[in-house]
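Heads up: the structure comes next, in structure tokens.
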Amino acid sequence: MDFIGVVISSPEFLASRPRTFDEKISRAAGGMDPAEYVHMLAGMVRILDREPPAQYDELPMSRWELSATFPHLDGFTAEMMDGGHASFADAVTSYVTNEHPDCADVAVAITTEAQRALVLFPDEQSLGRYVSWISRQRLHALLETVNDHMQREHS
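For the sequence shown, counting from 1, position 31 maps to 44 in our numbering; every step adds exactly one.
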């Protein structure tokens, strides 16, 4: 972008620039000198590039993003709502073993999502915003239950 600012301010490049480019950059600059405007934008990009991305507690996921990012955890919600389980561990076991003996695919997917959720959502408030059953404690229990099943049945 800085190079574009140099090109805009340089008389030697004036003839080679398309006229529509000059019109559009002038309109975008909104009264500022176009070269200064582009240099300012370049500086802003450099500043933004240095700052870490916002965390999910600062910029939470929407409901559809959560479903797209964690489809197996979201799908597990139906198992939780079924209500026919004596405990959370029973619901996890049922969800994973529904595909037994090919449950490794489900087990890997849901445990990966659980680990990712624990890393991305460091606090309870942002974690359970859209999925009422999710908590850090339950994600740890889910991981433990799936690991127990995989060790008991598949090792």
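Don't be surprised by glycine CBs; every beta carbon is placed ideally from N, CA and C.
Should residue i be counted as a contact of the ligand MN given a C-beta to heavy atom distance under 7 angstroms?
| i | result |
| --- | --- |
| L54 | Because no ligand of any kind appears in the structure shown, any question about the ligand MN cannot be addressed here. |
Less than 8 angstroms between the beta carbons of residue i and residue j, yes or no?
| i | j | result |
| --- | --- | --- |
| L86 | E126 | yes |
| I38 | P47 | yes |
| T124 | C116 | no |
| F2 | A130 | Residue numbering for the chain in the displayed model covers 14 to 168; residue 2 lies beyond these limits and cannot be assessed. |
| V121 | E112 | no |
| A102 | T158 | yes |
| A55 | G18 | yes |
| R149 | E137 | yes |
| A91 | H98 | no |
Throw me the rounded Cβ distance for the residue i and residue j pair, which I believe falls under 8 angstroms.
| i | j | result |
| --- | --- | --- |
| H167 | T106 | The pair is not a contact, with the Cβ atoms about 14 angstroms apart (cut-off 8 angstroms). |
| V132 | L79 | Not really, about 15 angstroms apart at Cβ, beyond 8 angstroms. |
| W146 | M74 | Not a contact, Cβ separation roughly 16 angstroms. |
Can a CB atom of chain B be found closer than 8 angstroms to the CB of residue i?
| i | result |
| --- | --- |
| L133 | In the structure shown, chain B cannot be found, because there is only a single protein chain. |
In the stretch 53–130, which residue ranges form an unbroken alpha helix (DSSP H) of at least 4 residues, counting only runs that do not cross its ends? The DSSP assignment places 76–82, 84–95 and 101–110 as complete runs of the alpha helix (DSSP H) inside the stretch 53–130, in order along the chain (cut-off: 4 residues).
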